[in-house]
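Chains as they are written, first to last, in this note's numbering: chain A, 1 to 452; chain B, 1 to 402.
Read the structure below first, then the notes.
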């Protein structure tokens with residue numbers, strides 16, 4: 001067991017964290033997958049509009065690997081295939097019916113999985129419908145089953161703004177399911193399987209897991225990001241990749257492996273100042289956003305699937321995604337202030353010490369809104385970016401400039417493949433020039449994948 | 001009040017936006033609007049929320065740090081003018097007279113520089129760079145109080161255009177624009193910015209009335225006094241003879257450029273800038289160490305017949321001339337300085353070294369801070385290049401395939 005104390009980073013004290021009892025909402029009227037969120041996959045539909053489907057039936061699969069399937073968490077009818085620009089499928093909608101039919105998959109025993117071969121483990125996990133939870137560092141693509149990863153990291157903590165904690169997403173009962181997933185994952189690599197968790201207070205489901213190397217992390221966000229943890233524990237060497245999976249996604253994978261039925265249950269958190277009563281909701285993958293959020297406050301709102309740092313803008317008529325565990329409803333308004341550059345602005349929260357709040361850790365939560373708080377400018381580097389980037393030997397300013405210059409070789413040397421989106425988003429958050437580093441990084445990685 | 005201002009700008013905006021009658025002047029409108037009201041834009045991409053610090057606040061904080069220097073320079077300009085006439089003036093009188101010397105210079109700097117900045121904003125269609133607010137204040141503080149107004153204007157225009165705008169504005173420039181402006185004036189009109197006669201705000205024409213100076217008031221800066229002492233003599237004695245103790249030099253009631261004389265008020269500004277995290281302490285510490293180390297070395301190797309500056313103790317160097325002002329406000333300019341933490345120390349260190357070299361070894365100029373900073377501005381990208389290469393090499397080694 002190794003302890004990591006992350007010094008660089010930033011916790012954004014945004015208002016509207018959900019806590020308390022988990023509300024049960026087992027059967028929403030509809031669900032949808034958004035295939036665009038699965039990086040590195042070209043979807044091929046396995047169903048057509050109007051088809052009647054069983055719970056756990058395959059909805060679509062990867063063009064490059066037909067065994068990599070995505071399963072429906074509910075039984076019902078495929079009612080709509082929404083397409084966006086260039087006929088990319090944006091939403092694949094299934095409406096629930098009274099049907100209780102369940103597709104049966106192969107079930108496995110814990111003992112059987114303990115000694116499973118790589119081929120069997122891969123086949124079982126691909127068929128489980130949860131393979132997409134395994135992603136690679138670098139690039140955050142869905143793992144390629146043919147590739148032997150250098151190691152696998154199971155991330156058992158979350159530090160993002162207003163994100164639910166591991167204790168809210170998993171319970172002590174999930175230990176067996178997680179153990180099943182660990183055995184299956186372990187069969188996929190010659191290297192180690194790492195399990196990470198918060199330094200303060202281990203999770204009951206994580207404490208007894210066998211066959212993993214434990215690492216604990218403390219410190220501000222992005223200490224809980226699996227990509228950052230990979231960089232600190234076992235960064236990918238040469239052309240190697242490291243697989244990452246969130247512990248709660250591994251639980252769903254493990255449950256499916258053990259039971260032989262697709263586990264589509266999911267806990268989402270409806271958070272943010274736009275939600276009247278922030279809450280945790282137990283429902284199924286891809287539930288409608290409105291059903292998760294409940295009542296909202298008056299005014300112009302922005303619905304974000306994921307966190308305010310890296311989440312994507314959605315709208316009330318759409319559905320929650322596979323990866324995100326939050327719907328963040330932000331008040332999308334900004335009241336312009338008179339001469340604020342000259343005021344002490346005591347009520348404002350800032351990373352910087354030119355605001356009073358910059359001197360100490362936040363003691364309360366702030367109703368942060370969508371104001372850009374300034375005009376776009378060229379970068380005037382006052383040495384702040386490295387303070388939120390815990391990945392070692394990254395110089396964000398030079399890295400992003402080389403990406404902007406389309407200098408692939410230099411950007412890779414400077415760590416374009418290592419820096420995580422969470423880190424880029426934190427750089428964006430604190431940038432006084434209002435530069436959008438996440439956009440720059442995404443463009444850089446897309447350019448890299450096109451060229452490579 | 002706030003609402004009526006917002007309504008006013010909202011009603012005027014269509015004229016300045018695309019296809020409006022005054023579209024060309026949008027940057028001026030935008031500048032005025034966002035000076036009064038914060039920028040109204042909302043985030044379009046992730047991250048969806050942002051830190052409230054922007055370039056306006058950052059630059060205004062540098063101006064806050066300059067306030068003690070401005071007040072001190074204001075007073076001292078008047079004080080020196082009276083002293084040159086043999087009068088011990090009351091503080092209020094000194095302030096009034098100093099105001100007449102200093103305020104028009106500052107006003108000129110903002111006006112002429114502002115016009116140059118605006119013209120570029122119109123032509124290049126970019127918003128006003130707030131960095132100009134700092135540049136236009138730093139520049140007059142590096143000038144003697146007797147500088148003709150038109151020279152201030154010509155200098156700041158050169159600084160804004162050649163020092164900054166031709167590269168694309170704040171953030172793209174290689175040299176510090178305020179020092180570029182000063183260097184322009186320094187080399188174009190040397191008689192008005194160096195020597196012994198330019199530092200008091202007394203006479204209207206400094207060259208017409210050289211005899212107006214009373215006995216015992218030479219008008220020379222302490223650096224000039226020390227540098228013009230006979231070879232082999234004690235420079236401290238020369239400074240004392242000119243009427244200043246070490247304490248006087250620290251307080252700064254002696255002739256010099258308007259903002260540079262008082263180490264105390266500069267230190268207050270430095271403390272503030274470091275406190276709010278806008279200027280780098282690394283550059284400052286590097287500079288102080290570089291200057292002290294080099295001058296100490298000169299002290300060691302000085303012979304009996306050597307140049308008096310060789311013998312000047314290191315701590316005197318620290319409080320004389322424009323070293324303190326330069327290292328705190330000019331060298332720390334985040335754009336023209338080195339951008340890596342280690343690079344900042346090296347960059348600062350060599351500014352200190354070069355400043356000492358020019359002061360001591362170069363016979364032409366008693367002061368070397370401006371040239372030292374400009375020289376290191378040019379070398380800052382090279383320092384960064386080396387540091388970045390070392391870092392990428394370390395990464396490559398760490399991540400090499402086993």
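For every residue, glycine included, the Cβ atom is placed at its ideal position computed from N, Cα and C.
_Alpha-carbon to alpha-carbon, residue 182 (chain B) and residue 262 (chain B)_ = Taking the Cα positions, residue 262 (chain B) is about 19 Å away from residue 182 (chain B).
_Rounded straight-line distance, which links the Cα of residue 300 (chain A) to that of residue 361 (chain A)_ = For residue 361 (chain A) and residue 300 (chain A), the distance between alpha carbons rounds to 30 Å.
*Residues near residue 140 (chain B) by beta carbon distance below 6 Å, same chain, minus five either side*: Annotation for residue 140 (chain B): 105, 106, 109 place their beta carbon closer than 6 Å to its own, counting only its chain and skipping 5 residues before and after.
*Based on the DSSP secondary-structure assignment, which residues constitute the bridge partners of residue 244 (chain A)?*
Looking at the DSSP assignment, residue 244 (chain A) forms a beta bridge with A:135, A:153.
*Beta-carbon spacing of residue 320 (chain B), residue 249 (chain B) below 8 Å*: It is a contact, given that the beta carbons lie within the stated cut-off.
*Evaluate contact between the region 270-277 of chain A and the region 221-237 of chain A, counting only Cβ atoms and requiring at least three cross-stretch pairs below 8 Å.*
No: fewer than three Cβ pairs fall under 8 Å.
*Could you tell me which chain A residues have their CB closer than 7 Å to the CB of residue 388 (chain B), listed as they occur along the chain?*
Residues of chain A passing the Cβ test: 395, 398.
_Stretch pair the region 344-355 of chain A + the region 271-278 of chain B: three plus CB contacts closer than 8 Å_ = Touching, yes, given that three or more Cβ pairs across the two stretches are closer than 8 Å.
*According to DSSP, which residues form a beta bridge with residue 328 (chain A)?*
A:271, A:304, per the DSSP bridge assignment.
*Name the residues in the region 314-325 of chain A whose C-beta lies less than 9 Å from a C-beta of chain B; which are they?*
Listed by position along the chain: nothing, the set is empty.
_Buried/exposed call for residue 94 (chain A), threshold 16 Cβ in 10 Å_ = In the assembly as shown, residue 94 (chain A) is a buried residue. Its beta-carbon has 16 or more other beta-carbons within 10 Å.
*Classify residue 370 (chain A) as buried or exposed, calling it buried when 16 or more other Cβ atoms lie within 10 Å of its own Cβ.*
So residue 370 (chain A) ends up on the buried side.
*Pick helix, strand or coil for residue 244 (chain B), following the three-state DSSP scheme.*
Reduced to three states, the DSSP call for residue 244 (chain B) is coil.
_Euclidean distance between Cα positions of residue 41 (chain B) and residue 50 (chain B)_ = Straight-line Cα distance between these residues: approximately 11 Å.
*Which same chain residues, not among the five before or five after residue 142 (chain B), have their C-beta less than 6 Å away from its C-beta?*
Within the same chain, residue 142 (chain B) has close Cβ partners 182, 257.
*Closer than 7 Å, Cβ to Cβ, to anything on chain A: give me those residues from the region 28-40 of chain B, in chain order.*
Those residues of the region 28-40 of chain B that come within reach of chain A (Cβ to Cβ, closer than 7 Å) are 34, 36, 37, 38, 39, 40.
*Do we get a CB-CB distance below 8 Å when we pair residue 310 (chain A) with the residues of chain B?*
Yes, because at least one Cβ of chain B sits closer than 8 Å to the Cβ of residue 310 (chain A).
*Can you give the Cα-Cα distance for residue 253 (chain A) and residue 58 (chain A), rounded to whole angstroms?*
In a straight line, the C-alpha of residue 253 (chain A) is about 15 Å away from that of residue 58 (chain A).
*Under the three-state reduction of DSSP, which class applies to residue 366 (chain A): helix, strand or coil?*
Residue 366 (chain A): strand per DSSP, three-state reduction.
_Distance between residue 294 (chain B) and residue 404 (chain B) (C-alpha atoms, nearest Å)_ = What is shown of chain B runs 1 to 402, which leaves residue 404 (chain B) out entirely.
*Please name the residue in A:326, A:452, A:436, A:135 whose C-alpha comes closest to that of residue 287 (chain A).*
Selected option, being the one with the closest Cα: A:326.
_Counting only C-beta atoms, is residue 433 (chain A) closer than 8 Å to chain B at any point?_
When Cβ-Cβ separations below 8 Å define contact, residue 433 (chain A) makes contact with chain B.
*For the beta strand (DSSP E) holding residue 282 (chain A), just list the boundary residues, first then last.*
Its beta strand (DSSP E) spans residues 279-284.
*Go ahead and label residue 24 (chain B) buried or exposed: buried means 16 or more other beta carbons lie within 10 angstroms of its beta carbon, across all protein chains shown.*
With fewer than 16 other Cβ atoms within 10 Å, it is exposed.
*asked:* I'd like the list of long-range same chain contacts for residue 259 (chain B), defined as Cβ closer than 6 Å, with 5 residues on each side in sequence excluded.
replied: Cβ neighbours of residue 259 (chain B) beyond the five flanking positions: 69, 73, 141, 325.
_contact_flag[the region 196-207 of chain A, the region 153-161 of chain A] where n(CB pairs < 8 Å) is 3 or more_ = Contact between the region 196-207 of chain A and the region 153-161 of chain A is present, because at least three Cβ pairs lie under 8 Å.
*Give the residues of chain A in contact with residue 276 (chain B), contact being defined as C-beta atoms less than 7 Å apart.*
Under the 7 Å cutoff, chain A gives 353, 354.
*Can you round the beta-carbon distance between residue 168 (chain A) and residue 267 (chain A) to whole angstroms, since I take them to be within the 8 Å contact cut?*
Yes, they are in contact, since the Cβ atoms of residue 168 (chain A) and residue 267 (chain A) sit about 7 Å apart, within 8 Å.
_Distance between residue 2 (chain B) and residue 364 (chain B) (C-alpha atoms, nearest Å)_ = C-alpha of residue 364 (chain B) to C-alpha of residue 2 (chain B): approximately 56 Å in a straight line.
*asked:* Pairs of beta-carbons, one from the region 138-151 of chain A and one from the region 180-199 of chain A, closer than 8 Å: are there three or more?
replied: The region 138-151 of chain A vs the region 180-199 of chain A: in contact.
*Okay, do the region 373-386 of chain A and the region 91-105 of chain B touch, 3+ Cβ pairs below 8 Å being the bar?*
At 8 Å Cβ cutoff, the stretches do not touch.
*By DSSP, does residue 349 (chain A) sit in helix, in strand, or in coil?*
Reduced to three states, the DSSP call for residue 349 (chain A) is coil.
_Extent of the continuous alpha helix (DSSP H) run through residue 363 (chain B)_ = Bounds of any alpha helix (DSSP H) do not take in residue 363 (chain B), whose DSSP letter is neither H nor E.
*Which same chain residues, not among the five before or five after residue 59 (chain B), have their C-beta less than 8 Å away from its C-beta?*
Take residue 59 (chain B), set aside five residues on each side of it, and the residues of its chain with a beta-carbon closer than 8 Å to its own are 130, 131, 133, 134, in chain order.
*Taking 8 Å as the CB-CB cut-off, is residue 381 (chain B) touching chain A?*
Closer than 8 Å to the CB of residue 381 (chain B) there is not a single CB belonging to chain A.
*Where DSSP assigns a beta bridge to residue 14 (chain A), which residues make up the other side?*
According to DSSP, which records beta bridges pairwise, residue 14 (chain A) is partnered with A:366.
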